[in-house]
Structures are given as C-alpha cells and as structure tokens.
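Chemist: Please read through the structure below; I'll follow up with questions.
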Amino acid sequence: MSVEMTVLALGCIFGIIQVFVAAQLQTRQNGLAWSLSSREAAGPPPTPLVGRLKRAQANFLETFPFAASALLAVEVTGANNTTTELGAIVWLSARLAFWLAYAIGIPVLRSALFATSIIGIGLVLWPLLAWLV
0 MSVEMTVLAL GCIFGIIQVF VAAQLQTRQN GLAWSLSSRE AAGPPPTPLV GRLKRAQANF
60 LETFPFAASA LLAVEVTGAN NTTTELGAIV WLSARLAFWL AYAIGIPVLR SALFATSIIG
120 IGLVLWPLLA WLV
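With numbering that gives the first Met the number 0, the residue at position 36 of the sequence shown is 35, and numbering never jumps.
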C-alpha cells in the first residue's frame, strides 16, 4: 500500500479516535443517562478539556475531506511521488500534534500546527496543480 493510502487509513482511524475520546469524556462529565438520552434538554456546559477536544474534532472534520480528496486524487492519477508522501506525513503528523496541543490548551502552537497541516495538503496537491505554474 502506498504511503498516501496508509496515511489516509490512519487519518480515518484518528478521526474515529477523536470522536470516541471526546464522547467518552463528555459521558464522564454528564453521566451515562444523559449520553443515552435524546439530548433534547441542554446539558451542562462542557468542561474546558471536553470543549477543546470537541473543537479540535470539529476542526479535523472541517479539513479531513480536503486531505482525503487530495490523497485519493494523487493515488488514482498516479501523481504520487516523494513530495506527496512527505505532504501526507506532514499533514497527519501536524493533525496529531494539533489535537494534543488543543487538548492541552497551547493556542499559538495549535495555530502553527494547523497551518502546517494545510501546507501538508498543499504538498499533496502540488503534482496535480503543477500545470498551473
């Protein structure tokens, strides 16, 4: 399996982990009865950690479709190369570090890691967009 497809699979797993961790911590905070309910009644505000994890998860889900599309596009077109491999690894590494930085609450580092993940997506897209240059 190519590096890009391996990173895509790991990105899917990481996304599921983010959903699971945030949900588990929210269940600990609000109780199992709340988690199993229809949640029509507003629950208590999330703890700072739960709030940060949910925002990190939302941020991941905002950018994952673009990363996944780019990774699939270079695979399908055969445009993958060392640049796309590097971009894939940079993207996933930055997303993992972003999640940790967000959970811990390090705002400036978090923003730099987000930008790094976007650069990773750009590296993956570069061979597909090279004709524009």
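Cβ coordinates follow ideal geometry from the N, Cα and C atoms, glycine included.
On a predicted model such as this, the values are computed, not experimentally measured, just so you know.
(1) Rounded to whole angstroms, what is the Cα-Cα separation between residue 89 and residue 19?
(2) In or out: residue 116 buried (at least 16 other Cβ within 10 Å) or exposed?
(3) Return helix, strand or coil for residue 12, following the three-state DSSP convention.
(4) Would you call the CB atoms of residue 23 and residue 56 closer than 9 angstroms?
(5) Do residue 70 and residue 10 have their CB atoms nearer than 9 angstroms?
(6) Do residue 87 and residue 123 have their CB atoms nearer than 9 angstroms?
(7) Within the same chain, show all residues whose beta-carbon is closer than 7 angstroms to that of residue 112, passing over the 5 residues directly before and after it, in chain order.
(8) Quick check on residue 80: does DSSP put it in helix, strand or coil?
Modeler: The structure says:
(1) 24 angstroms
(2) buried
(3) helix
(4) no
(5) yes
(6) yes
(7) Excluding sequence neighbours, residue 112 sits near 93, 96, 97 and 100.
(8) coil
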